[in-house]
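Colleague: This is the structure I want to talk about, given as structure tokens.
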Ligand SMILES: Nc1ncnc2c1ncn2[C@@H]1O[C@H](COP(=O)(O)OP(=O)(O)O)[C@@H](O)[C@H]1O
Ligand SMILES: [Mg+2]
């Protein structure tokens, strides 16, 4: 058996300091500081960076002083420009798309670059109450002291208004329609009345909202037209080309592997490309060369899932294999990602395996590994 290279592990004191997942403004503090240092363009009130610098932070680039800004979003520049420009006006931003198209990811990085704080976050669910968008009360204080500002517990949105920052609302269309309506007056009047204290919170310049919504949830709690009018909608597409998608997966796997202390070269490009190709072929319902029509499984097979298939493979390989991802390492999570419905998806997968994978000679290892899973 080949010896397993031992992944570098951080010293104990370093590990004590670390958090599992730093916020974007922490993880990319160096890049944000370098951008702020060279950024001489006009900044909207309270923005930490100019719109140009925010876009550069998202799409990557090399600064005049040689600092390399890593790309966070891979895709069309125009989409990010429209998103940033909208936030610089008083229109809120709605990022719409199928699952795994980087809506949450882009919204976090936008908030980090614009306000230096991506944590003013409301997670939308069917049970999100109005207090999550407005304010609640600390009941112990309320009972002891009566209503007072000290007893009021502001929502992330209210805190963003008061500090002139960007608030994030995840999965807006899962929030019940009557709760969503609380946003209408807030976005148009830019004030939040607090009748209990006979006062109001007025938004400071710099305040805005980034919401995300999944278009698979269409019809759940569609945005009212009144609310829609207050948002600029930017649809984030699935990656256009195989190359683009491979690049997204490769770069995310590299950074996730390093935070998991896996060896640097654990995921060879060829293996990443193969996983992405399987995903794209099943998703689009035809092989890369357009010769064979395929059935698509029920799962979305998003880029995000391709990333997690490769990361799972990398982890298996680093700990139980030879430290380089191979077909055996990805097979189990690949099949797991495709087969979500044990009956219908299994048929789709078997057909793909027997008609496409088997016929590709250079994929013999993958065919065997998937067959062996039974
Ligand atoms: N076009 C893209 N550019 C960069 N990363 C992407 C892209 N598409 C997907 N990803 C990656 O997919 C992962 C999941 O994205 P996420 O924001 O959670 O998806 P969503 O909120 O749209 O469901 C993130 O790690 C992100 O890096
Ligand atoms: Mg999301």
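Residue numbers (full-length UniProt numbering): 1 to 374. Yeah, the Cβ is synthetic: ideal placement off N, Cα and C, and Gly gets one too. Keep in mind it's a predicted model, so treat the numbers as computed, not measured.
1. What first and last residue would you give for the alpha helix (DSSP H) that runs through residue 253?
2. Kindly examine ligand 2 and report whether one of its heavy atoms sits closer than 7 Å to the Cβ of residue 31.
3. State yes or no: is the C-beta of residue 27 within less than 8 Å of the C-beta of residue 67?
4. So what does residue 95 bridge to, in DSSP terms?
5. Evaluate contact between the segment 315 to 328 and the segment 104 to 119, counting only Cβ atoms and requiring at least three cross-stretch pairs below 8 Å.
6. Please list, following the chain, all residues that have a C-beta closer than 5 Å to any non-hydrogen atom of ligand 1.
7. Below 7 Å CB to CB, which residues in the same chain sit around residue 149 once its five sequence neighbours on both sides are set aside?
8. Please state whether DSSP places residue 70 in a helix, a strand or coil.
9. Run through the DSSP bridge pairs and tell me what residue 121 is partnered with.
10. Let's test the definition: count the other Cβ atoms within 10 Å of the Cβ of residue 361 and tell me whether it reaches 16, buried, or not, exposed.
11. Whether or not the segment 258 to 265 and the segment 201 to 214 are in contact is what I'm after, with contact meaning three or more pairs of Cβ atoms, one per stretch, closer than 8 Å; do they touch?
12. Which residues does DSSP pair with residue 136 in a beta bridge?
13. Do you know how far the Cα of residue 239 is from the Cα of residue 162?
14. Among 38, 86, 126, 277, which residue has its Cα nearest to the Cα of residue 357?
15. Helix, strand or coil: how does DSSP classify residue 315 here?
16. To the nearest angstrom, report how far apart residue 301 and residue 359 are at their CA atoms.
17. Going by DSSP, name the residue or residues bridged to residue 286.
18. Would you tell me roughly how many angstroms separate the C-alpha atoms of residue 46 and residue 113, rounded to the nearest one?
19. Residues in the same chain with beta-carbon distance under 6 Å from residue 71, minus the five sequence neighbours each way, listed in chain order, please.
20. Taking DSSP's pairing of strands, which residues face residue 192 in a bridge?
21. With hydrogens ignored, establish whether the beta-carbon of residue 245 is closer than 7 Å to any heavy atom of ligand 2.
22. Assign residue 173 to one of two classes, buried (16 or more other C-beta atoms within 10 Å of its C-beta) or exposed (fewer than that).
23. Just the C-alpha distance for residue 160 and residue 249, rounded to the nearest angstrom, thanks.
24. Shorter than 7 Å, the distance from the beta carbon of residue 212 to the closest heavy atom of ligand 2, or not?
25. Output the distance between the C-alpha atoms of residue 230 and residue 168, rounded to the nearest integer angstrom.
26. Quick one: what's residue 62 bridged to in DSSP?
27. For ligand 2, I want to know if residue 108 counts as a neighbour, meaning its beta carbon is within less than 7 Å of at least one of the ligand's heavy atoms.
28. Among the residues of its own chain, which have a CB less than 7 Å from the CB of residue 192, if the five just before and after it don't count?
29. Taking the alpha-carbon positions, what's the residue 295 to residue 151 distance?
30. Exposed or buried, what is residue 96 when buried is set at 16 or more other beta-carbons lying within 10 Å of its beta-carbon?
31. Does ligand 2 have even one heavy atom less than 7 Å from the beta-carbon of residue 264?
32. Just mark residue 225 as buried or exposed, buried being the case when its beta carbon has 16 or more other beta carbons within 10 Å.
33. Measuring alpha carbon to alpha carbon, tell me which of 291, 312, 368, 222 ends up nearest residue 252.
34. Note down, one range per segment and in chain order, each alpha helix (DSSP H) of at least 4 residues found wholly within the segment 324 to 357.
35. Could you tell me how far apart the beta carbons of residue 380 and residue 293 are, in whole angstroms, since I believe they sit closer than 8 Å?
36. Out of curiosity, what's the CA-to-CA distance linking residue 89 and residue 18?
Modeller: According to the structure shown:
1. 242 to 259
2. no
3. no
4. 212, 234
5. no
6. 73, 74, 75, 99, 100, 101, 102, 103, 104, 105, 248, 252, 303, 304
7. 197
8. coil
9. 168
10. It counts as exposed.
11. no
12. 153
13. Distance between the alpha carbons of residue 162 and residue 239 is about 37 Å.
14. The option with the nearest alpha carbon to residue 357 is 277.
15. helix
16. Roughly 22 Å between the two C-alpha positions.
17. 293
18. 11 Å
19. The residues 59, 60, in chain order, have a CB closer than 6 Å to that of residue 71 in the same chain once the five nearest residues on each side in sequence are set aside.
20. Per DSSP, 201.
21. No - ligand 2 has no heavy atom lying nearer than 7 Å to the Cβ of residue 245.
22. buried
23. Our two residues, residue 160 and residue 249, have alpha carbons roughly 33 Å apart in a direct line.
24. yes
25. 15 Å
26. Its beta-bridge partners are 68.
27. no
28. 134, 158, 161, 186, 200, 201
29. 57 Å
30. buried
31. no
32. exposed
33. 312
34. 327 to 338, 344 to 352
35. In the structure as shown, the chain starts at 1 and stops at 374, and residue 380 therefore has no counterpart that could be examined.
36. 37 Å
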